[in-house]
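Chemist: Protein sequences appear in the order of chains R and A. Our numbering puts the first sequence at residues 44 to 760. Our numbering puts the second sequence at residues 201 to 533. Mind looking over this structure? Questions follow.
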Amino acid sequence: MVETSWPKAEARRLLGTRVSRLDGPAKVTGTAKYTYDVARPGMLHARLVHCPHAHARITKLDVSAAQASPGVKAVRVIQGVGAEIQWAHDEIVLVAAATGEEAEDAARAVVVEYEVLAHHVDDLHLDQAPETRAEEEELAGEPEKAMAEAAVRSKGTYGLPVIAHNCLEPHGQVCEWNAAKDTLTAHCSTQAVAALAPQFAERVGLPAGNVHVICQYMGGGFGSKFSADRWGIECAEISRQAGGVPVKLMLDRRAELTIAGDRPSAYAEIEVGAQADGTLTAWISKSWGSGGLGGSGRPPLPYVFQIPHRRSVHHSIPTHTASSRAWRAPNHPQGCYLSMSALDDLAARLGMDPLAFVRKNEALLGPLAKTYLEELEIADRLMGWSARWKPRGGGKGPVVRGLGLSLHMWGGSGHRSSCEVTLQPDGSVEAKIATQDIGTGTRTVLAIVIAETLGLPLEEVRVQIGDSRYPASGGSGGSTTVGGVSAAARRAAVNALRMVFDKAAPALGTTPDLLEAVDGSIRVQGEPGRALTWRQAAALFGRAPVTATGGNPAPSGSGELELTGSGAGGVQMAEVDVDRETGVVKIRKMVAVQDCGLVVDLKTAESQVYGALIMGISSALAEEKVLDPVTGTLLNADFESYKMAGIGDIGELVVHLMTGPGYDERGVIGLGEPPVISPAAAIGNAVANALGVRVPLLPFTPQRVLDALESPGRGIV
Amino acid sequence: MRPFDYARPATREQAVQLLAATPGRAAVLAGGSDLLALMKDGVVTPERLVSLQGLQGDHTLRFLRYTAAAGFRIGALTTLADLAASEVLRLEHPVVAETAGRLAGPQIRNVATVGGNLCQRPRCWYFRSGFGLLAAREGASLVVAGDNRHHAILGNDGPAYFVTPSTLAPVLIALDAEVVLLGPQGERTIPLEKLYRLPLAEGEREHDLGPGEILTELQLGPAAGRQVGTWEVRQRETLDWSLATAAVALEMEDGRVKRARVVLGQVAPLPWTSREAESFLTGKTIDEAAADEAAKLAVQGAKPLSKNRYKVQLARVAVRRALLAATGLDREL
Numbered sequence: 044m045v046e047t048s049w050p051k052a053e054a055r056r057l058l059g060t061r062v063s064r065l066d067g068p069a070k071v072t073g074t075a076k077y078t079y080d081v082a083r084p085g086m087l088h089a090r091l092v093h094c095p096h097a098h099a100r101i102t103k104l105d106v107s108a109a110q111a112s113p114g115v116k117a118v119r120v121i122q123g124v125g126a127e128i129q130w131a132h133d134e135i136v137l138v139a140a141a142t143g144e145e146a147e148d149a150a151r152a153v154v155v156e157y158e159v160l161a162h163h164v165d166d167l168h169l170d171q172a173p174e175t176r177a178e179e180e181e182l183a184g185e186p187e188k189a190m191a192e193a194a195v196r197s198k199g200t201y202g203l204p205v206i207a208h209n210c211l212e213p214h215g216q217v218c219e220w221n222a223a224k225d226t227l228t229a230h231c232s233t234q235a236v237a238a239l240a241p242q243f244a245e246r247v248g249l250p251a252g253n254v255h256v257i258c259q260y261m262g263g264g265f266g267s268k269f270s271a272d273r274w275g276i277e278c279a280e281i282s283r284q285a286g287g288v289p290v291k292l293m294l295d296r297r298a299e300l301t302i303a304g305d306r307p308s309a310y311a312e313i314e315v316g317a318q319a320d321g322t323l324t325a326w327i328s329k330s331w332g333s334g335g336l337g338g339s340g341r342p343p344l345p346y347v348f349q350i351p352h353r354r355s356v357h358h359s360i361p362t363h364t365a366s367s368r369a370w371r372a373p374n375h376p377q378g379c380y381l382s383m384s385a386l387d388d389l390a391a392r393l394g395m396d397p398l399a400f401v402r403k404n405e406a407l408l409g410p411l412a413k414t415y416l417e418e419l420e421i422a423d424r425l426m427g428w429s430a431r432w433k434p435r436g437g438g439k440g441p442v443v444r445g446l447g448l449s450l451h452m453w454g455g456s457g458h459r460s461s462c463e464v465t466l467q468p469d470g471s472v473e474a475k476i477a478t479q480d481i482g483t484g485t486r487t488v489l490a491i492v493i494a495e496t497l498g499l500p501l502e503e504v505r506v507q508i509g510d511s512r513y514p515a516s517g518g519s520g521g522s523t524t525v526g527g528v529s530a531a532a533r534r535a536a537v538n539a540l541r542m543v544f545d546k547a548a549p550a551l552g553t554t555p556d557l558l559e560a561v562d563g564s565i566r567v568q569g570e571p572g573r574a575l576t577w578r579q580a581a582a583l584f585g586r587a588p589v590t591a592t593g594g595n596p597a598p599s600g601s602g603e604l605e606l607t608g609s610g611a612g613g614v615q616m617a618e619v620d621v622d623r624e625t626g627v628v629k630i631r632k633m634v635a636v637q638d639c640g641l642v643v644d645l646k647t648a649e650s651q652v653y654g655a656l657i658m659g660i661s662s663a664l665a666e667e668k669v670l671d672p673v674t675g676t677l678l679n680a681d682f683e684s685y686k687m688a689g690i691g692d693i694g695e696l697v698v699h700l701m702t703g704p705g706y707d708e709r710g711v712i713g714l715g716e717p718p719v720i721s722p723a724a725a726i727g728n729a730v731a732n733a734l735g736v737r738v739p740l741l742p743f744t745p746q747r748v749l750d751a752l753e754s755p756g757r758g759i760v
Numbered sequence: 201m202r203p204f205d206y207a208r209p210a211t212r213e214q215a216v217q218l219l220a221a222t223p224g225r226a227a228v229l230a231g232g233s234d235l236l237a238l239m240k241d242g243v244v245t246p247e248r249l250v251s252l253q254g255l256q257g258d259h260t261l262r263f264l265r266y267t268a269a270a271g272f273r274i275g276a277l278t279t280l281a282d283l284a285a286s287e288v289l290r291l292e293h294p295v296v297a298e299t300a301g302r303l304a305g306p307q308i309r310n311v312a313t314v315g316g317n318l319c320q321r322p323r324c325w326y327f328r329s330g331f332g333l334l335a336a337r338e339g340a341s342l343v344v345a346g347d348n349r350h351h352a353i354l355g356n357d358g359p360a361y362f363v364t365p366s367t368l369a370p371v372l373i374a375l376d377a378e379v380v381l382l383g384p385q386g387e388r389t390i391p392l393e394k395l396y397r398l399p400l401a402e403g404e405r406e407h408d409l410g411p412g413e414i415l416t417e418l419q420l421g422p423a424a425g426r427q428v429g430t431w432e433v434r435q436r437e438t439l440d441w442s443l444a445t446a447a448v449a450l451e452m453e454d455g456r457v458k459r460a461r462v463v464l465g466q467v468a469p470l471p472w473t474s475r476e477a478e479s480f481l482t483g484k485t486i487d488e489a490a491a492d493e494a495a496k497l498a499v500q501g502a503k504p505l506s507k508n509r510y511k512v513q514l515a516r517v518a519v520r521r522a523l524l525a526a527t528g529l530d531r532e533l
């Protein structure tokens, strides 16, 4: 009998081992074709005309010169006279021409005049915002009374600016309208192959089945690529307008940084109180931030620690900037940084080692408490925390060292997903699923699950993804992909194997429940001699292929156990050196201990955590969108002045994944979000430990560090 | 694409003629690591590019020649990677080779040239966003009213607030380097320090190159026993611009400073020589107290803008550390 549940540890052959990603060679040799690489015969190149003002009304628009420009095949007005533009670099006109250069020339020939209107781009000062939106207050217990009674209190202001996603491959697509068939083929750089087809269909007025979305390889999304986007729809429309020739439109870096989404800012005034022994009792916070005109997300405050008496209020500040988008673990990095900074400051006031402080408050850590405590023990060992931690400040010479820690959590349950596995008469196995590999190793994970289930070598399984015509699967967001696709693939492969066993049993003179699939053969359990090769077994189906399907979640009423779980906890520690004369912060070491249930591929899972650490370090040290107060435009819309951490800035990274009893049986849990949540918080606490002074605002640039040293406790100015 | 002429002359004189024929509308193309990016972003729109990469025979500009008596003659097209790798430069002026080797990243160093480094345009984000070198709007500076965290703290009486981008220039100026300029009127040799000037109106350049004039050569004398040190404050390890740099060169006599050069980078619109620090140091023995005092004097006249006060501290620390590095005191601390 083939069990649907994941194989026990001793029976795993591939699951949980270190498998290099299957498409690694294609990617490093350049044979992997990203959307940016797609070139279709006769393809036109499109360029956008953007608005230079943060807030304006279009008073005049003339595209005649653009239409007459050499090579131009079509011009589309996206926003015409009278339209009110709400952020700088918003799209006004799209032109398509034979070459990119011709399209650029034509875009430059478009005449747009504006009435410039007043703008507001400052998200830092709540009291100066012309408009704010208050969210519902969150309240538990009696926070004011508990705060008044607290033996020790700490009050501070902390904040994180708006940062970008910085996908190496910008947003964009190649759209090909077929007028004769009324179909649209769209090659998109997307995190949601299946969901994009109906999005396009609705906006361009086609039946959903007439839209075909393809994304074989994509160069980063981080939450910013779930939408067909207005420029995507316009690209489809301009292909239709141009008579059905394919049109390519990829955002340039300035547009990518300015209008393709970002992470909302968050600032907070926080007061937190505890008993003299460190037991947390009270939390009062007022937070605010912006994610563009639509306001901001709301950071979860307090984060992780369920402080019994708490009040939190949050205000959104609408700004004249493009709307924010989901950014890896939406709202959590903000909630984490704000909370962990405030709690670390309290621990310092208490004179407690933060590690002891967390352990003291074990009862407030919720359902993941046991996980956190186990992880802290491992992190302590990997960092050498207990042996080396010292109270804040001190040190000789300009460069001082510090340690900091942080905790985080995420859900990560598998999304809705379906997969089909086809067995050909020659024994070859092919899986199809409309998921996408956004750089995380989804292809590899699918191959591992199917090969493990069928008892085949990894290379015998062909995995086809990135095509909306395959069985539907969810978007890659919220750390839901690995759970969804691995559960669907497991069930599809189990169903395929059951069909094979049913055919093979009579041939082997036994019953299906006594068969097993091992080492490329179907054999009677315990009797290796009574076996068929995989190919022989496949041939029993005759000359036609057979297909089995499987999905996630488990079919209702099936009584099957779920193969995917939810609720991942992680702990991170940072060690930094800070030059207190120059304010330069250097990461010496980061330790990330992470739980994600059953690990499918240890190597790509660890790779996820490494990547998250680097991204988190980058946000801690360097990243912010700098908006010019006078013009409302983004001043650092390039990789030179929008700084990100490089390989020399990240220090030593140590990753440990929690596996084995207590973790494996929870099923597969996603890992994209959780490890990116804590780095900035852990680094901030390490900087405070080193300097003896809190640097309240991210990123920790020399400017911010020196400002904090000069006026400690000044908060946000 | 905005059309432009592309010329690849074989002689230096042809290059000068091609530039002089379209004054103000032609640009010299060397490594292209700055110019091409500026053109792609539409920040500059030259009508003619005159490449120096096609110069032939004696006219080529990629050379590094050394004599014990006269020191170095370095052609303008010598790459930063060439400088970093030059054995003789490493021996004679290790600080210059090290500075070149720390710049940008390997790919840039392989194409970027000495001449280009000295003539590159400022990184001011208003300039790079197309607001002009002086970034003025309706007579007021966007820099002063806006985000000036990376801008000038010295020499910033206006209208220029950008900072000079080259990290090579301050150390070369401290070493009294000269540059050879070739123009329609012939050749002239000037101190590198004199190459830089403050533009007073939009359209003026931050260099003293006349119409048709090309920087052909850098001349750098022998070390002659000078004690040389630099310090660069940079946020990232690689591919980043300095927040402040300082270069010092000290001629010593009987343990005292006979002559001092103290030059700061990234703090003013041009490489900033601190006469105050130089004259203070003259006649002194260098210890920590003297380094502190010189560093203080170097930033005494600083006038920070709304968001760049921290750079005063960075400049001060850079001077202090450069002095300690020059005298070997940093190793004793």
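Where a beta carbon is used, it is the ideal one built from N, C-alpha and C, also for glycine. In this text, all values refer to a predicted model and were calculated from it rather than measured experimentally.
Quick one: which chain A residues come within Cβ less than 8 Å of R/Lys686?
Modeler: In the first sequence, counting from the first residue as 1, residue 686 of chain R sits at position 643. What R/Lys686 touches in chain A: Gln435, Arg436, Asp440.
Chemist: Which runs of the alpha helix (DSSP H), 4 residues or longer, sit entirely within the stretch 302 to 362 of chain A?
Modeler: Qualifying alpha helix (DSSP H) stretches, in chain order: 306 to 311, 314 to 319, 342 to 345.
Chemist: Return the first residue and the last residue of the alpha helix (DSSP H) that R/Lys403 is part of.
Modeler: Numbered from 1 along the first sequence, position 360 holds the residue referred to as residue 403 of chain R. Note, R/Lys403: alpha helix (DSSP H), 397 to 403.
Chemist: Which stretch, first to last residue, makes up the alpha helix (DSSP H) that contains A/Glu488?
Modeler: As a working mapping, residue 488 of chain A is identified with position 288 in the second sequence. Counting along the chain, the alpha helix (DSSP H) containing A/Glu488 begins and ends at 488 to 498.
Chemist: Would R/Ala617 pass as an interface residue toward chain A - the criterion being a Cβ-Cβ separation below 8 Å?
Modeler: Taking the first residue of the first sequence as 1, we reach residue 617 of chain R at position 574. No, its Cβ sits nowhere closer than 8 Å to a Cβ of chain A.
Chemist: Mind listing the chain A neighbours of R/Asn679? Cutoff is C-beta to C-beta under 7 Å, in chain order.
Modeler: Counting from 1 along the first sequence, the entry for residue 679 of chain R is found at position 636. Within chain A, the residues near R/Asn679 are Trp325.
Chemist: Would A/Tyr510 count as contacting chain R if we go by Cβ distances under 8 Å?
Modeler: To locate residue 510 of chain A, count along the second sequence from 1; it is residue 310. Yes, because at least one Cβ of chain R sits closer than 8 Å to the Cβ of A/Tyr510.
Chemist: Just tell me which of R/Gln479, R/Trp432, R/Ala490, R/Trp453 has its CA closest to the CA of R/Ser516.
Modeler: Here residue 516 of chain R refers to the residue found at position 473 when the first sequence is read from its first residue. With distances taken between Cα atoms, R/Ser516 lies closest to R/Gln479.
Chemist: By the 10 Å Cβ neighbour count, where 16 or more other Cβ atoms means buried, how is A/Ala340 classified, buried or exposed?
Modeler: In the second sequence, counting from the first residue as 1, residue 340 of chain A sits at position 140. Exposed: under 16 other Cβ atoms inside 10 Å.
Chemist: Using a beta-carbon distance below 8 Å, is A/Leu514 in contact with chain R?
Modeler: Looking up residue 514 of chain A in the second sequence gives position 314. Yes, because at least one Cβ of chain R sits closer than 8 Å to the Cβ of A/Leu514.
Chemist: Chain R partners of A/Met201, CB-CB under 9 Å?
Modeler: As a working mapping, residue 201 of chain A is identified with position 1 in the second sequence. Result: Thr142, Gly143, Glu144, Glu145, Glu147, Asp148.
Chemist: Taking 8 Å as the CB-CB cut-off, is R/Thr362 touching chain A?
Modeler: Within the first sequence, the letter at position 319 stands for residue 362 of chain R. Not one chain A Cβ lies under 8 Å of R/Thr362.
Chemist: Can the beta-carbon of R/Ile491 be found less than 8 Å from the beta-carbon of R/Gly608?
Modeler: If you number the first sequence from 1, residue 491 of chain R lands on position 448. If you number the first sequence from 1, residue 608 of chain R lands on position 565. Taking 8 Å as the Cβ cut-off, R/Ile491 and R/Gly608 do not qualify as a contacting pair.
Chemist: When the cut-off is 8 Å and only beta carbons count, does A/Arg349 lie next to chain R?
Modeler: Here the question's residue 349 of chain A lines up with position 149 in the second sequence. Judged by the 8 Å Cβ criterion, A/Arg349 is in contact with chain R.
Chemist: Which chain R residues are close to A/Arg346, counting only those with a beta carbon under 8 Å from its beta carbon?
Modeler: Translated into the one-based positions of the second sequence, residue 346 of chain A becomes position 146. The question names Arg, yet the displayed sequence has Gly at residue 346 of chain A. Within 8 Å Cβ-Cβ: Asp671, Pro672, Val673, Thr674, Leu678.
Chemist: Which runs of the alpha helix (DSSP H) spanning at least 4 residues fall entirely within the stretch 540 to 585 of chain R, listed in chain order?
Modeler: Taking only runs of at least 4 residues, the alpha helix (DSSP H) segments lying wholly in the stretch 540 to 585 of chain R are 577 to 582.
Chemist: Whose C-beta lies closer than 6 Å to the C-beta of R/Val748 among residues of the same chain, with five residues either side of it excluded?
Modeler: To locate residue 748 of chain R, count along the first sequence from 1; it is residue 705. The answer, listed in chain order, is Gly626, Val738.
Chemist: Return the first residue and the last residue of the alpha helix (DSSP H) that R/Asn732 is part of.
Modeler: As a first step, residue 732 of chain R must be located in the first sequence, where it is residue number 689. Run containing R/Asn732: 722 to 734, per the alpha helix (DSSP H) assignment.
Chemist: So that I know if they touch, is there some Cβ in chain R lying closer than 8 Å to that of A/Ser474?
Modeler: Along the second sequence, read from residue 1 onward, the residue named residue 474 of chain A stands at position 274. No, its Cβ sits nowhere closer than 8 Å to a Cβ of chain R.
Chemist: Relative to the C-alpha of A/Pro246, which residue among A/Ala284, A/Ser474, A/Ala237 is closest?
Modeler: If you number the second sequence from 1, residue 246 of chain A lands on position 46. Closest by alpha carbon: A/Ala237.
Chemist: Can you look up A/Met201 in the DSSP assignment and give me helix, strand or coil?
Modeler: Locating residue 201 of chain A in the second sequence gives position 1, counting from the first residue. A/Met201 falls in the coil class under three-state DSSP.
Chemist: Cβ atoms of R/Leu227 and R/Trp220: under 8 Å apart, would you say?
Modeler: Here residue 220 of chain R corresponds to residue number 177 of the first sequence, with the count starting at 1. Here residue 227 of chain R corresponds to residue number 184 of the first sequence, with the count starting at 1. The answer is yes: Cβ separation under 8 Å.
Chemist: Let me see if you follow: with CB-CB separation under 8 Å, is R/Gly445 close to chain A or not?
Modeler: Within the first sequence, numbered from 1, the residue matching residue 445 of chain R stands at position 402. By this cut-off, R/Gly445 is not an interface position.
Chemist: Nearest chain R C-beta to A/Ser506 closer than 8 Å, yes or no?
Modeler: Residue mapping note: residue 506 of chain A aligns to position 306 of the second sequence, counting from 1. Output row for A/Ser506: interface = no.
Chemist: Following the continuous beta strand (DSSP E) through R/Val504, name the residue where it begins and the one where it ends.
Modeler: On the first sequence, position 461 is the one that residue 504 of chain R refers to. Element bounds for R/Val504: 504 to 507.
Chemist: R/Leu604 and R/Asp707: beta carbons closer than 8 Å?
Modeler: Counted from its first residue, the first sequence places residue 604 of chain R at position 561. Counted from its first residue, the first sequence places residue 707 of chain R at position 664. Cβ atoms of R/Leu604 and R/Asp707: not closer than 8 Å.
Chemist: Closer than 8 Å is the cut-off here; do at least three beta carbon pairs connect the stretch 485 to 499 of chain R with the stretch 345 to 365 of chain R?
Modeler: As far as the Cβ criterion goes, the stretch 485 to 499 of chain R does not touch the stretch 345 to 365 of chain R, which means the pair count is below three.
Chemist: Anything in the stretch 357 to 373 of chain A with a Cβ closer than 7 Å to a Cβ of chain R? List those residues in chain order, please.
Modeler: Cβ contacts with chain R: none found.
Chemist: R/Glu624 touches chain A at which residues, Cβ-Cβ below 7 Å?
Modeler: Here residue 624 of chain R refers to the residue found at position 581 when the first sequence is read from its first residue. By Cβ distance, chain A contributes Val517.
Chemist: Would you check if there are 3 or more beta carbon pairs closer than 8 Å linking the stretch 634 to 650 of chain R to the stretch 685 to 693 of chain R?
Modeler: Verdict: no, contact absent.
Chemist: Starting from A/Glu213 and walking both ways along the beta strand (DSSP E), at which residues does that stretch end?
Modeler: Within the second sequence, numbered from 1, the residue matching residue 213 of chain A stands at position 13. It is not in any beta strand (DSSP E) - A/Glu213 instead sits in the alpha helix (DSSP H) that spans 212 to 220.
Chemist: What did DSSP end up calling A/His259 once you bin it into helix, strand or coil?
Modeler: Position 59 of the second sequence holds residue 259 of chain A. DSSP places A/His259 in helix when its eight states are reduced to three.
Chemist: Is R/Tyr653 helix, strand or coil by DSSP?
Modeler: Taking the first sequence and counting its residues from 1, the one referred to as residue 653 of chain R is at position 610. Helix.
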